[in-house]
Structure formats: structure tokens, C-alpha cells
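Colleague: Numbering (the working numbering), first residue to last: 19 to 117.
Below: one structure in C-alpha cells.
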Amino acid sequence: MSVIIELSIFPLDKGTNSLSPYVARVLDVIKSSALSHTLGPMGTCIEGEWDEVMGVVDSCYKELEKDSDRIYLTMKVDSRKGRKNGLTSKINSVQEKTR
19 MSVIIELSIF PLDKGTNSLS PYVARVLDVI KSSALSHTLG PMGTCIEGEW
69 DEVMGVVDSC YKELEKDSDR IYLTMKVDSR KGRKNGLTSK INSVQEKTR
């Protein structure tokens, strides 16, 4: 089953400074998966089959677990049989309908 997830994951034990170095590490994990993905300001969308995407989520968690004592993770999932290129087609469908 094809899924699109929006993942937001970061450590909570790194003070008040920027968390972008940790987010960048997670993004490197996502990029290495070769799954379609889109970075957003509040999370990253990843598209693929359930097991593949959940494997990437697990790898992201394990990447931060190496040096974090507390990790925050939220995930939204849209699952749809037979969908292809959902990351772009969903956006295009809305943009075609706007004025």
C-alpha cells in the first residue's frame, strides 16, 4: 500500500539553540533511502510502500538515539492503494483549482 507520511522528529535535550544540525542528520537518512521526499518548514513528507517508509522512520529515530536522551516524533499518514507520485499529484491537483 502506498503511503505518504509527514514526519517531524528532533531531540528535546539539546537546549534552546537551533536544532537544524539534528534535522539535517535525519534528512541525510531520508535522502539515502532514495524514497521520494519533500522537506517542509515543520516536517518532511516521504512517499513509498508502508514497510519502506516505516524502515526510514526507524532509521531516523536510531540516528538521533545515538546521542539524544529525549526525542520528539510526530507522524501523519495518508495511505492509498495504487497511488503513484502522490507528493506532486496532490499538490498539483489543489493548485489547478486555485484562482
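By construction, the Cβ of each residue, glycine as well, lies at the ideal position given by its N, Cα and C atoms.
(1) Just to confirm before moving on: does the CB-CB distance between Glu-27 and Leu-105 stay below 8 Å?
(2) Rank Val-41, Lys-99, Ile-89 by C-alpha distance to the C-alpha of Trp-68 and give the top, closest one.
(3) Straight-line CA distance for Val-74 to Ser-38?
(4) Shortest alpha-carbon distance to Asp-46 belongs to which of Asn-35, Ile-64, Lys-32, Gly-33?
(5) Which stretch, first to last residue, makes up the alpha helix (DSSP H) that contains Met-19?
(6) Between Ile-89 and Cys-78, what straight-line distance do the alpha-carbon atoms span, to the nearest angstrom?
(7) Taking the beta strand (DSSP E) that Gly-66 falls in, what are its first and last residues?
(8) Taking C-alpha atoms, which residue in Leu-25, Leu-82, Met-19 lies nearest to Lys-94?
(9) Do Glu-83 and Arg-43 have their CB atoms nearer than 8 Å?
Modeller: Concretely, from the data shown:
(1) Glu is not the amino acid found at residue 27; the sequence shown has Ile there. No, the pair does not count as a contact, with Cβ atoms beyond the cut-off.
(2) Lys-99
(3) 19 Å
(4) Checked all of Asn-35, Ile-64, Lys-32, Gly-33; the closest Cα to Asp-46 is Ile-64.
(5) Here Met-19 belongs to no alpha helix (DSSP H), and DSSP marks it neither H nor E.
(6) 11 Å
(7) Counting along the chain, the beta strand (DSSP E) containing Gly-66 begins and ends at 62-67.
(8) Leu-25
(9) no
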